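Notes to accompany the following structure.
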Amino acid sequence: MSMRLALPHLVRRERASLAVTLLAPLVALSGATLVNLLLYVAIGKQPGAVFHAMLLEPFLSWASFSEVLLKLGPLLLIAQGLAIGFRAKVFNIGAEGQFILGAIFASAIPVWYPQATGGWIWPSMLLAGAMGGALWAAITAFWRVRLNANEILVSLMLSLVAAQVLNYLLLGPWKDPNGFNFPQSVMFQYDAMLPLLFEGTRVNVSLLIAFLLSGLAFVFMQRSFPGYRLEVGGLAPRAAAYAGFSEARAIWLSLLIGGFAAGLAGAAEVAGPLGQLQRSISTGYGYSAIIVAYLGGLHPLGIVLSALVMAALSIGGDNAMVSADLPIAAVRVFQGSLLIAYLIAMAFVRYRLEWPSASTRSRA
Amino acid sequence: MNAIEFILAGMLAAATPFLLAALGELVAERAGVLNLGVEGLMALGAALAFIVVYHGGGHLLAFVVGGLGAALLALIFAFVTLGLQANQVAAGLAIGIFGQGLSALFGKTYESLTVKGLPKLALPGLADLPVVGGLFVQDIVVWLSLLATLLIWAGFAFSKAGLVLRAVGENPKAAHSIGYPVMLIRLAAVLFGGVMAGFAGAYASTVYTPLWADGMIAGRGWIAIALVVFGTWLTGRIFLGACLFGAVSLAGLAAQAGGVELPSQLLASLPYLVTILVLGIISSNRRLLKLNGVASLGEPYKP
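Note that the protein sequences, when read in sequence, are chains A and B. Its first residue numbered 0, the first sequence is counted upward by one per residue in numbering that gives the first Met the number 0. Its first residue numbered 0, the second sequence is counted upward by one per residue in numbering that gives the first Met the number 0.
Structure (structure tokens):
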């Protein structure tokens with residue numbers, strides 16, 4: 000082809016500098032913020048008021064920051080689990096369903112034994128939830144390993160099924176008989192609730208667990224041999240096969256870890272701020288966590304920061320809905336555009352732009 | 000009307016959102032690009048088209064606006080994945096979430112409103128046949144979708160353009176070295192996929208079930224992506240798969256009308272369960288996937 004446009008082209012950097020890598024998410028956040036503020040102007044909202052409510056207010060008082068911490072827990076848990084799989088190129092995008100199953104499994108204990116008391120209840124609920132999430136993810140793993148089916152599609156379909164399972168339980172067998180026909184279970188007993196971390200807030204011990212597991216994820220992915228095997232399988236599948244690293248094992252491990260973490264998060268949600276099983280448990284944590292994982296560079300430390308940002312955005316979105324009349328869907332728009340902005344920014348970490356000079360053009 | 004007649008009469012219309020989106024995805028994937036954002040593209044197309052029809056703009060304009068809106072979103076996807084070589088999976092998910100968010104934002108004040116659909120056109124003679132007659136009474140979009148299916152099938156089977164598109168997906172380096180503009184062809188394929196997904200959404204919200212509700216696409220974009228795998232990247236099989244899903248989504252209603260006592264949640268899950276099942280059956284035949292699959296699918300290409 001003789002015609003060539005004088006477009007700049009991408010040249011791979013010899014090595015990505017650490018400073019640029021760390022800067023990229025911040026640039027992405029600023030870019031996405033700017034674009035979204037323009038969008039709010041376009042739909043007739045006050046950009047200043049939205050900016051204040053959405054991005055500043057969550058940090059301005061302990062009361063609202065504690066709500067950010069409350070949202071941080073599940074996002075952190077799910078994203079850490081997903082990132083391990085993503086690094087192994089196992090794309091589990093069904094965390095939403097695994098989260099729901101976790102909530103259901105955990106709720107089984109107080110729903111079936113509403114009179115039970117004792118300190119064993121909430122820990123068993125967390126364990127049951129984690130098992131439920133892992134079991135749900137195991138279906139995807141089986142389908143991928145044994146039947147060669149694409150894990151993206153299977154895990155997503157299972158999320159849609161999980162939402163229906165939840166509906167079925169809440170409208171049928173698990174509906175609170177004294178609940179005025181609302182689709183929700185009975186309120187859980189006191190011992191089925193997670194202990195609070197800070198008095199006067201809703202933050203509970205699950206946040207501590209999330210940080211603990213983040214530390215574990217760091218050790219596993221950055222410092223351990225099994226984590227290294229996963230990573231090699233993702234980066235260079237052939238080299239991994241040659242070295243004898245089993246692909247099936249990587250898929251099972253990735254999905255079970257992802258399901259375990261998401262299930263735990265689901266359990267902590269019903270045993271924490273909600274105190275019962277209800278429809279609104281599934282507000283898209285599983286999908287937001289995908290964005291958290293990428294935004295954090297799939298790195299356990301980066302994910303802590305990105306989870307904090309996304310949690311703040313979510314609380315800020317609620318604020319803006321009240322104070323600046325912003326539709327709640329704006330949060331989803333922001334999240335989606337944030338990931339797009341991040342992917343754009345990351346392109347410039349890996350590549351630099353080179354404008355075609357006269358000499359290269361004549362060579363072409 | 001018995002259950003079989005009911006399913007035959009409604010199957011094609013129910014299949015159309017799946018079919019249109021899957022055909023678009025087929026063309027993009029044949030060129031080597033995996034766009035996982037179909038659900039979001041459909042949602043945006045659906046919201047925009049609904050708004051146009053609601054304000055009296057008519058269905059033609061609605062499809063144009065829905066198609067263009069989705070194509071614009073697909074253009075962002077193309078910029079990120081083709082222009083900047085970003086991971087196609089991540090970019091597709093991002094576009095999907097973004098599109099669903101935009102649809103909810105634009106559609107907010109239209110929640111639960113309805114519009115008037117399109118009249119059904121009967122093929123004279125055939126429409127009067129017993130049992131299968133209902134198959135031949137369809138709205139104009141269904142007829143056009145069948146035509147589009149035929150054209151795309153013929154395009155892949157007989158035209159040079161179809162051959163070039165497949166070459167770009169199979170081996171972009173080779174296609175580039177014999178002088179084909181790989182990037183432009185992929186861009187065109189992605190935009191085509193966007194327009195088709197927009198049409199699919201527009202059909203869902205203004206013709207098939209002419210109402211707007213947030214989340215009304217309900218996984219149909221994802222099933223469309225699965226359909227491309229079911230159909231092993233062949234137009235005819237994708238058409239049959241779409242019909243199967245059209246029938247499955249009606250079978251639930253038919254069963255309920257027939258007095259079969261099933262929880263409505265099970266019926267709602269039926270398309271998802273069938274997707275999981277069929278995906279397992281087809282994918283376990285690795286030879287079949289290898290034979291018709293697209294060699295460079297999902298891999299970034301840099302000239």
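Where is the CB? At the ideal position from N, CA and C, for every residue including glycine. Only a predicted model underlies this, so the values are computations on that prediction, with no experimental measurement involved.
Step through the CB atoms of chain B and report whether any lies within less than 7 Å of the CB of residue 253 of chain A.
No, because no Cβ of chain B sits closer than 7 Å to the Cβ of residue 253 of chain A.
Quick one: which chain A residues come within Cβ less than 9 Å of residue 75 of chain B?
Around residue 75 of chain B, the beta-carbon contacts reaching into chain A at under 9 Å are 339.
Just to confirm the assignment, what range does the beta strand (DSSP E) spanning residue 350 of chain A have?
From DSSP, the beta strand (DSSP E) with residue 350 of chain A extends over 350-353.
How would you list, in chain order, the residues of chain B whose beta-carbon sits under 9 Å from the beta-carbon of residue 331 of chain A?
Correct list: 96, 97, 99, 100, 101, 103 and 104.
Within the 7 Å Cβ cut-off, does residue 7 of chain A reach chain B?
Chain B, which has no Cβ nearer than 7 Å to the Cβ of residue 7 of chain A, makes this no.
How big is the Cα-Cα spacing for residue 290 of chain B and residue 169 of chain A?
When rounded, the distance between both Cα atoms is 46 Å.
Among all the DSSP beta bridges, which residues are the ones paired with residue 11 of chain A?
A/350.
Hey, is the stretch 264-281 of chain A in contact with the stretch 67-79 of chain A, meaning 3+ C-beta pairs nearer than 8 Å?
In short, these stretches touch, since the Cβ pair count reaches three.
Establish whether the CB of residue 262 of chain B and some CB of chain A are separated by less than 7 Å.
By this cut-off, residue 262 of chain B is an interface position.
Tell me, please, which residues DSSP counts as bridged to residue 147 of chain A.
DSSP links residue 147 of chain A through a beta bridge to no other residue.
DSSP bridge partner residues for residue 119 of chain B (one or two, in chain order)
Paired residues: B/138.
Can you tell me which of A/251, A/203, A/253 and A/230 puts its alpha carbon nearest to the alpha carbon of residue 242 of chain A?
Nearest option by C-alpha distance: A/230.
Should residue 98 of chain A be flagged as near chain B, meaning a C-beta pair shorter than 7 Å?
False, the Cβ-Cβ gap to chain B never drops below 7 Å.
Closest to residue 215 of chain B by CA distance: which of B/25, B/45 and B/64 is it?
The shortest Cα separation from residue 215 of chain B among B/25, B/45 and B/64 belongs to B/45.
Would you grab the beta carbon distance between residue 222 of chain B and residue 153 of chain A for me? Rounded to a whole angstrom, and I think it's under 8 Å.
The Cβ separation is near 12 Å, so there is no contact.
Any 3 or more C-beta pairs closer than 8 Å across the stretch 54-66 of chain B and the stretch 84-102 of chain B
In short, these stretches do not touch, since the Cβ pair count stays below three.
Can you tell me which of the three DSSP states residue 177 of chain A falls into?
Collapsing the DSSP output to three states places residue 177 of chain A in coil.
Is there a Cβ from chain B that is less than 7 Å from the Cβ of residue 176 of chain A?
Chain B contact via Cβ: absent.
State whether the stretch 106-118 of chain B contacts the stretch 202-212 of chain B, with contact taken as three or more CB pairs (one from each stretch) at a distance under 8 Å.
Yes, the stretch 106-118 of chain B touches the stretch 202-212 of chain B.
Quick check on this structure: which residue in B/106, B/193, B/163 and B/92 has the alpha carbon closest to the alpha carbon of residue 54 of chain B?
The shortest Cα separation from residue 54 of chain B among B/106, B/193, B/163 and B/92 belongs to B/106.
For residue 61 of chain A, is the classification buried or exposed, using 16 other Cβ atoms within 10 angstroms of its Cβ as the cut-off for buried?
Per the 10 Å Cβ criterion, exposed.
Counterpart residues of residue 277 of chain A in DSSP-defined beta bridges
Beta-bridge partners assigned by DSSP to residue 277 of chain A: A/183.
On the DSSP bridge list, what partners appear for residue 113 of chain B?
DSSP lists B/210 as partners of residue 113 of chain B.
Contact with chain B by residue 153 of chain A, beta-carbon distance below 7 Å:
For residue 153 of chain A, a Cβ of chain B is located within less than 7 Å of the residue's own Cβ.
Euclidean distance between Cα positions of residue 86 of chain A and residue 11 of chain B:
If I take the Cα positions, the gap works out to 41 Å.
CB residue 17 of chain B to CB residue 241 of chain B, shorter than 7 Å?
It is a contact, given that the beta carbons lie within the stated cut-off.
For the alpha helix (DSSP H) that residue 125 of chain B lies in, which residues bound it at each end?
If you look at residue 125 of chain B, you'll find it isn't in any alpha helix (DSSP H); DSSP assigns it neither H nor E.
Nearest to residue 159 of chain A by alpha carbon, out of B/9, B/5 and B/269?
Each of B/9, B/5 and B/269 was checked against the Cα of residue 159 of chain A, and the nearest Cα belongs to B/269.
Measuring only from the beta carbon, is residue 103 of chain B closer than 6 Å to any heavy atom that is part of the ligand GDP?
In the structure shown, the ligand GDP is absent, as is every other ligand, since no ligand is present at all.
Any Cβ of chain B within less than 7 Å of the Cβ of residue 112 of chain A?
Not an interface residue.
Simplified DSSP assignment, three categories, for residue 203 of chain A
Looking at residue 203 of chain A - three-state DSSP - the assignment turns out to be strand.
Among A/112, A/58, A/25 and A/285, which one has its Cα closest to the Cα of residue 318 of chain A?
A/58 is the residue among A/112, A/58, A/25 and A/285 whose C-alpha sits nearest the C-alpha of residue 318 of chain A.
Taking only three categories from DSSP, how would you classify residue 100 of chain A?
If DSSP states are grouped into helix, strand and coil, residue 100 of chain A belongs with the helices.
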